[in-house]
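Here the structure comes first, spelled out in structure tokens, and everything after it is commentary.
Protein chains in written order, with this note's numbering: chain Z, 581 to 766; chain C, 17 to 293.
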């Protein structure tokens, strides 16, 4: 483990929304939203290319008034790495221990919350409301399959597969069902 | 929407600042699309005053009796031009308006007003949000929408009182539209602040506990839940996050599993009143 590495938080291509105890980051390159809890947010903000991992853990200790294990900072950096939130990836090394072991070890003794970076891919506007699947196998947003023998124009009204009566009457090219017309131009 | 918007098989209008053009070889198609749009956009359309169309749609008739629907020259779908076809056309246009609306954030959600505050219920289609909204209306809540929470730049919610689309009324799963008045309710007319956002998953087996204690979410957790249903996030993330931040710092955000809408609605309003007293 090289604790003298000086990570740099990525800023380009990100929209950053500060919140009282968290930071919300939207990555415009991947269309992913990340929520950094207080611990992860502190580490991320301290990644200025000047602070080493050791120094970040000391800074965090000073701010929280409690001793901070360097592994806690590594856990945060590991997740920031994974989510492409650092300028350059840094290989986290937990001294031969697995991430799970470190989490367990720190978690038991921690008086500070473990760093958490939760992520989701932002839906496309259509996906937010649409059915998916194929004409023959139209899947509603609740995960249920439309019965081809049952009218389910509700799907169509939401922009996805359209079934009506006993037959599917329209289809989204993007589903791949229409094969020959996929990407067709007027 | 007035027919003066219709010229030479081309319908141009703007809605929420989004400039839309729809072209069809058969003008009857445009009349039908107008009819569908009018049902969903109760606040109507404005005549396009200036500038070019930003989103162009086209309905092309084929020799085999089917029609193709294009968005900005890309084929979207094709089929027999019956009611389902026009509903799907309306849906594509609605989504475009919701995604590109100027200085508004559209969240796919049901919304009611209760004592001058809004309760927003973000959810996907088929999750029972219209049914829950209908039950809340029966208890005296003002109807705002069963489709979109439309937020202004301050994070307050505007009325979007389209007819309620309810399933399970007929023997099959098809939707039927109802006016709020036919359910004995009233539509809200004013922009109001948001008091609560309810993230609820419907579970038919869920029984009502004696004391309902939903999980309160942190601001960040709340944003992540709401983003799942926020249409313009990819198109305008900076504005969306700014508006949602205002919303989550002022409102209570709770997450729960709920049972039947009728029982749950009463419990929800009691909880909301207690929390906002």
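All residues carry an ideal CB built from backbone N, CA and C; glycine is no exception.
For clarity, every value in this text was computed on a predicted model and none was experimentally measured.
- Sixteen is the threshold: when 16 or more other Cβ atoms of the shown chains lie within 10 Å of the Cβ of residue 587 of chain Z, as they do, the residue is buried.
- Residue state for residue 87 of chain C is assigned as strand, using DSSP reduced to three classes.
- Residue 35 of chain C sits in a strand when the DSSP states are folded into three classes.
- Secondary structure of residue 246 of chain C (DSSP, three-state): strand.
- In the displayed model, residue 130 of chain C falls within a strand according to three-state DSSP.
- For the pair residue 153 of chain C and residue 201 of chain C, the CB atoms are nearer than the 7 Å cut-off.
- For a Cβ distance threshold of 9 Å, residue set 599, 600, 601, 602, 615 and 617 of chain Z lies close to residue 234 of chain C, ordered along the chain.
- With contacts defined as CB atoms closer than 7 Å, residue 261 of chain C and residue 207 of chain C fail to qualify as a contacting pair.
- Against residue 257 of chain C, the close residues of chain Z are 595, 597, 604 and 606, in the order they occur along the chain (beta-carbon pairs closer than 7 Å).
- Under the DSSP assignment, residue 100 of chain C falls in the alpha helix (DSSP H) whose first and last residues are 99-116.
- With contacts defined by Cβ atoms closer than 7 Å, residue 686 of chain Z and residue 617 of chain Z do not form a contacting pair.
- Nearest to residue 280 of chain C by alpha-carbon distance, out of C/137, C/249 and C/195, is C/137.
- Against chain Z, the beta carbon of residue 239 of chain C has neighbours under 9 Å at 597, 599, 602, 604, 613 and 615, listed in chain order.
- Counting along the chain, residue 267 of chain C sits inside no beta strand (DSSP E), nor does DSSP assign it H or E at all.
- Taking a cut-off of 8 Å on C-beta distances, the segment 97-115 of chain C does not touch the segment 228-238 of chain C, as fewer than three cross pairs fall below it.
- For residue 250 of chain C, a Cβ of chain Z is located within less than 7 Å of the residue's own Cβ.
- Close to chain C, meaning a Cβ-Cβ distance shorter than 9 Å, is no residue of the segment 641-673 of chain Z at all.
- With contacts defined as CB atoms closer than 7 Å, residue 90 of chain C and residue 82 of chain C fail to qualify as a contacting pair.
- Assignment of residue 658 of chain Z by DSSP, reduced to helix, strand and coil, places it in the helix class.
- Where residue 636 of chain Z is concerned, the enclosing alpha helix (DSSP H) starts and stops at 633-644.
- For residue 212 of chain C, the uninterrupted beta strand (DSSP E) segment begins and ends at 210-218.
- Interface residue (Cβ-Cβ distance to chain Z less than 7 Å): residue 254 of chain C is classified as such.
- Taking CB atoms only, residue 693 of chain Z has no neighbour in chain C less than 7 Å away.
- Nearest to residue 674 of chain Z by alpha-carbon distance, out of Z/656, Z/593 and Z/663, is Z/656.
- Between the alpha carbons of residue 87 of chain C and residue 248 of chain C lies a gap of roughly 18 Å.
- When Cβ pairs closer than 8 Å are counted between the two stretches, the segment 159-179 of chain C is seen to touch the segment 115-125 of chain C, the count reaching three or more.
- Residue range 43-56 is occupied by the alpha helix (DSSP H) that includes residue 48 of chain C.
- DSSP places residue 230 of chain C outside both helix and strand once states are collapsed to three, so it counts as coil.
- In this structure, DSSP gives residue 235 of chain C a helical state, which the three-state scheme calls helix.
- In the pairwise beta carbon analysis, the segment 34-47 of chain C is classified as touching the segment 67-86 of chain C: at least three pairs are separated by under 8 Å.
- At a cut-off of 7 Å between beta-carbon atoms, residue 639 of chain Z makes no contact with chain C.
- Residue 167 of chain C: member of the beta strand (DSSP E) spanning 164-167, first to last residue.
- Residue-level contact check: residue 702 of chain Z touches chain C, since one or more beta carbons of chain C fall below 7 Å from its beta carbon.
- Against chain Z, the CB of residue 25 of chain C has no partner CB under 7 Å away; the residue lies outside that interface.
- Going by beta carbons, residue 219 of chain C and residue 273 of chain C fall inside the 7 Å limit.
- Cβ contact annotation for residue 668 of chain Z (same chain, cutoff 6 Å, sequence separation greater than five): none.
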